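With the first letter of the sequence shown counted as 1, position 53 gets the number 100 in the working numbering; the numbers rise by one all the way through. Report on the following structure.
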Amino acid sequence: NLSDAVNKSFRNACTVTDNKFKEVLKDRANKCGATAVVVLLIADRLFCANIGDARAVLSRDGKAINLSKDHKVIREDEQQRIKNDGGYIVFGRVLGRLAITRAFGDFE
Numbered sequence: 048n049l050s051d052a053v054n055k056s057f058r059n060a061c062t063v064t065d066n067k068f069k070e071v072l073k074d075r076a077n078k079c080g081a082t083a084v085v086v087l088l089i090a091d092r093l094f095c096a097n098i099g100d101a102r103a104v105l106s107r108d109g110k111a112i113n114l115s116k117d118h119k120v121i122r123e124d125e126q127q128r129i130k131n132d133g134g135y136i137v138f139g140r141v142l143g144r145l146a147i148t149r150a151f152g153d154f155e
């Protein structure tokens, strides 16, 4: 169905982007990363994906509607995902240093 195809496309685009980060940053000592938000409109359907704390907000009748959820340590589901992947949270940060739980880059 359309939702599955869009979801698969978003995931593929994220994988390609993250791999490009690895390629470009492989010989550099600097630790950098990026967040992103993507919105796709097909006919009357709106799809949204985000990584990190990049946000998408829709205005409807003058009211803000959040289309995305921040990937941050304060979310219990993100805390559990980090722990399940062998990571840890210290002082409200992933591995004691990252404020967001998902990003392109930040490979350490």
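Just so it is clear, CB atoms sit at the ideal spot from N, CA and C, and this is done for glycine as well. Predicted, not measured: the structure shown is a model, and the values here were computed from it.
Can you list, in chain order, the residues of its chain with a C-beta nearer than 8 Å to that of Ala101? Leave out the 5 residues immediately preceding and following it. Along the sequence shown, read from residue 1 onward, the residue named residue 101 stands at position 54. Only Thr82, Ala83, Val84, Ser115 meet the Cβ criterion.
Between the C-alpha atoms of Ile112 and Asn97, what's the straight-line distance to the nearest angstrom? Start at 1 with the first residue of the sequence shown, and residue 112 comes out as number 65. Start at 1 with the first residue of the sequence shown, and residue 97 comes out as number 50. Going by the C-alpha atoms only, they are around 15 Å apart.
Whole angstroms are fine: how far does the CA of Leu49 sit from the CA of Gly109? Position 62 of the sequence shown, counted from the first residue, corresponds to residue 109. Position 2 of the sequence shown, counted from the first residue, corresponds to residue 49. Taking the straight line from one Cα to the other gives about 29 Å.
How many Å lie between Leu145 and Thr64 at the Cα? Residue numbering aside, residue 145 sits at position 98 when the sequence shown is read from its first letter. Residue numbering aside, residue 64 sits at position 17 when the sequence shown is read from its first letter. Distance between the alpha carbons of Leu145 and Thr64: 19 Å.
Tell me which residue opens and which closes the alpha helix (DSSP H) that Ile121 is part of. Residue 121 sits at position 74 when you count from the first residue of the sequence shown. Here Ile121 belongs to no alpha helix (DSSP H), and DSSP marks it neither H nor E.
Can you list, in chain order, the residues of its chain whose CB lies under 8 Å from that of Thr62, leaving out five sequence neighbours each side? For the purposes of this step, residue 62 is taken as residue 15 along the sequence shown, with counting starting at 1. So the list is empty, once near-sequence residues are dropped.
In chain order, what residues of the same chain have a beta carbon less than 6 Å from the beta carbon of Cys79, not counting five sequence neighbours either side? Walking along the sequence shown from the start, residue 79 turns up at place 32. Cβ neighbours of Cys79 beyond the five flanking positions: Gly152.
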